[in-house]
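First up is the structure itself, then whatever we jot down about it.
Residue numbers (this note's numbering): 713 to 951.
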């Protein structure tokens with residue numbers, strides 16, 4: 713958990729010790745029931761997404777149904793929890809200290825190029841009247857700049873989204889093979905600050921999923937058998 717968020721939202725990031733972290737569940741409820749219970753709701757009150765590495769936004773609603781295609785979900789309902797999953801990508805949880813609204817977002821490099829962090833802030837403002845200065849944001853465990861080697865296509869995508877000056881701070885060159893080490897944590901944090909969230913209200917776990925095989929799932933390390941970690945959140949007060 714992110715301690716500064718505790719007073720404003722029930723939330724958690726799971727580890728590979730949870731059912732989701734041990735591989736692909738045999739049914740939709742496996743693992744997610746555990747997450748829902750930890751947040752004090754039934755699994756039928758947990759809203760998830762079919763994540764597609766984009767920046768589409770969904771507002772959590774009554775009907776559970778099939779998870780919609782999106783990578784950001786927002787809510788202000790006390791009876792619902794919202795969640796995303798990741799296995800190296802950034803799981804982002806946001807809480808509004810004034811209205812109680814919350815958001816869960818998923819952002820790999822494509823999501824960061826699509827400006828998911830800023831889109832999340834804008835969606836909370838649009839749907840619940842959130843002010844960026846009232847938001848607390850937790851950037852959960854994700855692959856770190858120590859391990860995330862990418863090609864020039866990823867760097868160029870980030871330059872196209874953020875500009876050369878801003879994006880340059882997120883990459884370190886590996887001159888031996890022409891690759892780049894990408895800091896997704898720095899990118900997510902910078903995008904939140906650019907969207908108006910005060911820098912001291914953005915909290916980064918700083919835990920690399922690839923570097924901690926006993927604790928976190930990593931697709932880059934483990935390939936298709938990798939499990940998933942969940943980032944989940946629920947309001948403590950209504951908007």
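Virtual Cβ for every residue (Gly too), placed ideally from N, Cα, C.
A distance below 7 Å separates the beta carbons of residue 904 and residue 829.
Here residue 869 carries a helix assignment [DSSP, helix/strand/coil]. Just so you know, the alpha carbons of residue 841 and residue 892 end up roughly 39 Å apart. The three-state reading of DSSP puts residue 803 in strand, counting E and B together. Residue state for residue 913 is assigned as helix, using DSSP reduced to three classes. Contact between the stretch 807-823 and the stretch 742-750 is absent: fewer than three C-beta pairs spanning the two stretches fall below 8 Å. Under the three-state reduction of DSSP, residue 752 is assigned to coil, being neither helix nor strand.
Secondary structure of residue 877 (DSSP, three-state): helix. In the structure shown, residue 893 adopts extended strand secondary structure according to DSSP, grouped into three states. Between residue 936 and residue 834, the alpha-carbon positions lie close to 34 Å from each other.
In the same chain as residue 726, and ignoring 5 residues on each side of it, the C-beta atoms closer than 7 Å to its own belong to 732, 733, 747, 941 and 942, in chain order.
Residue 879 sits close to residue 870, with the two beta carbons spaced by under 7 Å. Taking 7 Å as the cut-off, the Cβ atoms of residue 854 and residue 896 count as close. Less than 7 Å separates the beta-carbon of residue 767 from that of residue 826. Linking residue 769 to residue 782 through their CA atoms gives a straight-line distance of about 6 Å.
DSSP places residue 768 outside any alpha helix (DSSP H), giving it a letter other than H or E. In the three-state DSSP reduction, residue 928 falls in the coil class, being neither helix nor strand. Apart from sequence neighbours up to five positions away, the residues of its chain that approach residue 946 with a beta-carbon distance below 6 Å are 722, 751 and 793, ordered along the chain.
Rounded to the nearest whole angstrom, the CA to CA distance from residue 868 to residue 801 is 19 Å. Exposed is the label assigned to residue 872, since fewer than 16 other Cβ atoms lie within 10 Å of its Cβ.
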